[in-house]
Amino acid sequence: MATIARFSRKVFSGIQPTGVPHLGNYFGAITQWTALQEEVETKCLYSVVDLHSVTVPHYDPKALQEKIEVTTASLLACGVRSDTLFLQSMVPEHGQLCWLFNCISTMNKMYHFPQFKEKSQGMRETPLGLYLYPILQSADVLLYKGTHVPVGQDQLPHIHLINDIAHTFNKRFGKNIFPKCKPILDTKSSRLRDLRYPDKKMSKSADPKGKIDLNESPDNIRSKIKKSMTDCQSEITFEPETRPGVSNLVLIHSLCSGKSTAEIVASAKGIDTGQYKEAVAIAVIERLTPIRARMNELLQNRSYLWQLLKTNSEALRPEAQSTLEEARIAMGMMRSTS
1 MATIARFSRK VFSGIQPTGV PHLGNYFGAI TQWTALQEEV ETKCLYSVVD
51 LHSVTVPHYD PKALQEKIEV TTASLLACGV RSDTLFLQSM VPEHGQLCWL
101 FNCISTMNKM YHFPQFKEKS QGMRETPLGL YLYPILQSAD VLLYKGTHVP
151 VGQDQLPHIH LINDIAHTFN KRFGKNIFPK CKPILDTKSS RLRDLRYPDK
201 KMSKSADPKG KIDLNESPDN IRSKIKKSMT DCQSEITFEP ETRPGVSNLV
251 LIHSLCSGKS TAEIVASAKG IDTGQYKEAV AIAVIERLTP IRARMNELLQ
301 NRSYLWQLLK TNSEALRPEA QSTLEEARIA MGMMRSTS
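Here the sequence shown is numbered in UniProt numbering, starting from 1 and rising by one per residue.
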């Protein structure tokens, strides 16, 4: 197995174009992306992974186009560098490498993969694309010989699969092509809870009243926080296990203001939850106002967004083609020219 020391530090991460990100996405993935891209020794590749979006049945093509534009504008508005962003489907090598990985993977392993069980629940018939979704994720990372992937705790099985596929390929074909991948663990997004049901994670698929999107108006932000679930105690404390609702507000306030949860609790001494919710709303509004303004500005010129994705995707093709060629040579599909 190749080691990370043999490769430069290369971060790959993808986001499905499901529309406007919410606070959980922002403080989990997106702020992590913007921090990583500033590291001198790190090359970052961030993809809008539209091939993953078509794995669900009966998706709306027109809606997908809109969501790609909105997702791209959102990421740029949050400070993701324009030269790091590309569209997965504009680099066809993703699908080609995925097919090669399909051929060395087993149905049994995919069937028992946690995400497959979760996403296929309630479906009368399961699309094959959903079954192979984790293998495409592995191809996304290994196509660029990614060494690090930002993930939440619940996504660690994906890292294990990436490394399993890399190891299997390298060992079977006697080539040291794919590196071992390490997770960059995200500890924030997994802690942000649903405003209405604080026992659950803030999610795009849940009740819209339980999440705050990055383009929410100030009135909507105030309304959602005002109606958020807390408890019968009026004191503001940070005790996630016993007081998940008010602790979630303290965490949101902390992340938006840049202050520690201890500082937030100290500053809220003597006020009740009703008064405190207004303070949280103000902090969220201040944080999101410039992001919302920039997002709206970018969406006024959607052709620019598509051209940016096209230019960056085309720039990545030589690197992707080189990796695919190495894999094809190893598998006996073409003769080495060196």
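Cβ atoms here follow ideal geometry from the backbone N, Cα and C, with glycine treated the same way.
- Assigned with DSSP and collapsed to three states, Arg191 falls in helix.
- One alpha carbon belongs to Val284, the other to Pro150, and they sit about 24 Å apart.
- Unbroken beta strand (DSSP E) stretches of 3 residues or longer found wholly inside the stretch 156-226: 182-186, given in chain order.
- Separation of the CB atoms of Cys44 and Ile291 is rounded to 20 Å, and the pair is thereby denied contact status at 8 Å.
- Thr84 has its alpha-carbon roughly 27 Å from the corresponding atom of Tyr59.
- Of the candidates Glu286, Glu326, Gln65, Leu316, Glu286 places its Cα closest to the Cα of Leu214.
- Beta-bridge pairing by DSSP links Gly245 to no other residue.
- Judged by their CB atoms, Ser89 and Asp50 are nearer to each other than the 8 Å cut-off.
- Here Phe86 carries a strand assignment [DSSP, helix/strand/coil].
- Membership of Cys44 in the beta strand (DSSP E) is indicated by the continuous run 42-48.
- A distance of 8 Å or more separates the beta carbons of Leu161 and Thr55.
- When C-beta atoms of the stretch 214-223 are compared with those of the stretch 176-185, fewer than three pairs fall below 8 Å, so the two segments do not count as touching.
- The beta carbon of Leu305 sits closer than 7 Å to those of Glu69, Thr72, Ala73, Leu298, all from its chain and outside the five residues before and after it, given in chain order.
- Taking the CA atoms as reference points, Trp99 sits about 10 Å from Ser105.
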